[in-house]
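Everything below concerns the one structure shown next.
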Amino acid sequence: MLDGEENLIRSAVKGRPSAFGSLYDHYQPKIYRFVLIKVGRREEAEDLTHQVFLQAWQNIRNYQDLGFPFSSWLYQIARNQIVDHYRTKKTEADIEDVIEELVVPAAAQFIAERNLELEHVRRAIQKLKPEHQDVIVLRFVEDLSIKEVAAALQKTEGAIKLVQHRALKELKLLLQ
Amino acid sequence: MEKLIETLQKLKVIEPEKEYTLRSRGLIVGTGFERRPRTTWEVFSQTLQFGASLALTGLLIFLILGGFSSWGVFSPLRLSSLDPSSLRVEAQAIDIQIQLTNLNYAEPAIKTSESTQSAQRIAPQKGKPNEKEQSSEKVSSSSPSEPISIDDALLKLSE
Numbered sequence: 296m297l298d299g300e301e302n303l304i305r306s307a308v309k310g311r312p313s314a315f316g317s318l319y320d321h322y323q324p325k326i327y328r329f330v331l332i333k334v335g336r337r338e339e340a341e342d343l344t345h346q347v348f349l350q351a352w353q354n355i356r357n358y359q360d361l362g363f364p365f366s367s368w369l370y371q372i373a374r375n376q377i378v379d380h381y382r383t384k385k386t387e388a389d390i391e392d393v394i395e396e397l398v399v400p401a402a403a404q405f406i407a408e409r410n411l412e413l414e415h416v417r418r419a420i421q422k423l424k425p426e427h428q429d430v431i432v433l434r435f436v437e438d439l440s441i442k443e444v445a446a447a448l449q450k451t452e453g454a455i456k457l458v459q460h461r462a463l464k465e466l467k468l469l470l471q
Numbered sequence: 002m003e004k005l006i007e008t009l010q011k012l013k014v015i016e017p018e019k020e021y022t023l024r025s026r027g028l029i030v031g032t033g034f035e036r037r038p039r040t041t042w043e044v045f046s047q048t049l050q051f052g053a054s055l056a057l058t059g060l061l062i063f064l065i066l067g068g069f070s071s072w073g074v075f076s077p078l079r080l081s082s083l084d085p086s087s088l089r090v091e092a093q094a095i096d097i098q099i100q101l102t103n104l105n106y107a108e109p110a111i112k113t114s115e116s117t118q119s120a121q122r123i124a125p126q127k128g129k130p131n132e133k134e135q136s137s138e139k140v141s142s143s144s145p146s147e148p149i150s151i152d153d154a155l156l157k158l159s160e
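In the order they appear, the protein sequences are chains A and B. All you need for the numbering used here is the position in the first sequence, starting with 1, plus 295. All you need for the numbering used here is the position in the second sequence, starting with 1, plus 1.
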């Protein structure tokens with residue numbers, strides 16, 4: 296959590312761009328990472344991340360502090376953006392086909408920057424169900440607590456624990 | 002399992018490009034903040050503002066289109082000079098009398114005197130001038146700058 300986050304959020308809700316800019320600086324890399332792991336393409340991840348923060352800024356007046364971290368609100372917007380993105384891109388296509396399609400060009404970009412092992416893991420994550428992907432990324436890449444993940448995904452903590460268990464098991468199998 | 006989690010945590014190295022971040026941040030923060038009313042009071046005050054602005058606009062259009070006619074009807078300071086009926090009565094009362102008293106025959110008179118002068122230069126040897134010449138002399142004798150009426154002028158010419 297960012298230092299003085301509550302004050303920043305209050306200022307941003309009042310419409311102060313500098314306050315929202317500070318929130319952007321802190322959370323943008325996390326949202327970008329979350330989106331990139333899920334969509335696979337850098338350009339798409341950039342566009343979607345931009346849309347997430349744009350939407351957040353335009354709707355920040357409606358933000359209500361319900362005791363959950365601000366990031367959970369951003370992750371919710373990001374998830375909705377990704378779902379909309381796939382829906383508008385190929386309405387009739389099967390989600391698995393889309394993922395397979397995205398993996399190929401993403402690999403070339405990612406390998407150039409990172410090592411093969413990470414790319415291998417990322418591709419394995421992409422093969423998981425969207426809900427499992429979310430839990431894996433939020434829990435183990437972004438280090439959110441079970442409670443925070445539950446808030447971001449709008450599920451109970453028990454459901455998150457169950458999904459986490461299944462997702463890890465499935466991912467292990469995929470990597471083997 | 003622990004190894005898998007360690008590998009997953011390595012994905013933290015993924016970061017956006019700085020150039021993209023700067024561009025995106027600038028665009029978002031530069032975008033106007035959308036103000037929507039939340040409380041009943043805000044809704045009421047916004048409606049009031051909108052209604053007031055609409056009424057003022059209507060009044061302005063009425064004043065522009067109504068112009069002087071509405072001013073004449075509603076104004077306590079009635080300007081008589083701008084009242085069209087009184088102006089009409091006043092115009093009908095004017096007696097238009099154009100008098101041609103200042104008709105100036107200077108130009109034809111000068112021409113006549115020039116012709117008589119040339120005739121006189123030749124005539125002294127011949128003797129007495131005839132009546133026509135005398136009459137023309139009479140015409141020319143009257144000062145060209147002296148104003149005469151058109152009736153007198155016609156009478157003299159007929160003679």
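A virtual CB, placed ideally from N, CA and C, is assigned to each residue, including glycine.
query                                                                                                               : result
Unbroken alpha helix (DSSP H) run spanning A/Phe329, endpoints                                                      : 312-334
Delimiting residues of the alpha helix (DSSP H) encompassing A/Leu423                                               : Note, A/Leu423: premise wrong, no alpha helix (DSSP H); not H, not E.
Buried versus exposed call for A/Leu318 [16 or more other C-beta atoms within 10 Å across all chains shown]         : buried
Three or more C-beta pairs below 8 Å linking the segment 361-372 of chain A and the segment 444-457 of chain A      : yes
Buried or exposed (CB count within 10 angstroms, at least 16 for buried), A/Thr344                                  : buried
Residue span of the alpha helix (DSSP H) that contains A/Leu306, given as start and end                             : This sequence places Ser at residue 306 of chain A; Leu is not what is there. Where A/Ser306 is concerned, the enclosing alpha helix (DSSP H) stretches over 300-308.
Closer than 8 Å to chain A by CB, B/Gln10                                                                           : yes
CB contact below 8 Å: A/Lys424 versus chain B                                                                       : no
Within 8 Å, strictly: CB atoms of A/Ile332 and A/Arg417                                                             : yes
Cβ-based contacts, 8 Å cut-off: residues of the segment 441-469 of chain A near chain B                             : Leu463, Leu466, Lys467
Cβ of B/Val44 within 8 Å of any chain A Cβ                                                                          : no
Outcome for B/Ile65 when other beta-carbon atoms lying within 10 angstroms are tallied against a minimum of 16      : exposed
Three-state secondary structure assigned by DSSP to B/Phe161                                                        : The displayed coordinates of chain B run from 2 to 160. Any statement about residue 161 of chain B would go beyond what the structure contains.
CB-CB length for A/Glu465 against A/Leu423, believed under 8 Å                                                      : 6 Å
Between the CA atoms of B/Met2 and A/Ile431 - distance to the nearest angstrom                                      : 13 Å
Whole-Å CB distance - A/Ala458 paired with A/Glu414, under 8 Å assumed                                              : In the sequence as presented, Ala is not what sits at residue 458 of chain A; that position holds Val. About 24 Å separates the two Cβ atoms, so there is no contact after all.
Within chain B, the residues that A/Tyr327 reaches when beta carbons sit closer than 8 Å                            : Ile15, Glu16, Pro17
Chain-ordered chain B contacts of A/Gly316 [CB-CB under 7 Å]                                                        : Arg26, Val30
Distance, B/Leu5 Cα to B/Lys11 Cα                                                                                   : 10 Å
Three or more C-beta pairs below 8 Å linking the segment 15-27 of chain B and the segment 333-353 of chain A        : yes
At least 3 beta-carbon pairs within less than 8 Å: the segment 346-359 of chain A vs the segment 296-303 of chain A : no
Contact list for A/His345 against chain B, beta-carbon separation under 8 Å                                         : Ser25, Leu28, Ile29
Min CB distance B/Thr22 to chain E below 8 Å                                                                        : The structure shown contains no chain E; its protein chains are A and B.
Where A/Gly362 sits in the DSSP three-state scheme                                                                  : coil
Proximity of A/Glu452 and A/Phe329 at Cβ, strictly below 8 Å                                                        : no
Neighbouring residues, chain A, relative to B/Leu5 (Cβ below 8 Å)                                                   : Leu463, Leu466, Lys467, Leu470
Cα-Cα separation, B/Leu156 to B/Asp84                                                                               : 49 Å
Chain B contact for A/Arg417 (CB, 8 Å cutoff)                                                                       : yes
As assigned by DSSP and simplified to three states, the class of B/Pro85                                            : helix
Outcome for A/Arg374 when other beta-carbon atoms lying within 10 angstroms are tallied against a minimum of 16     : buried
Collapsed DSSP secondary structure at B/Ile1 in the structure displayed                                             : No statement about residue 1 of chain B is possible, as the shown extent of chain B runs from 2 to 160 and does not include it.
For A/Ser367, three-class secondary structure by DSSP                                                               : helix
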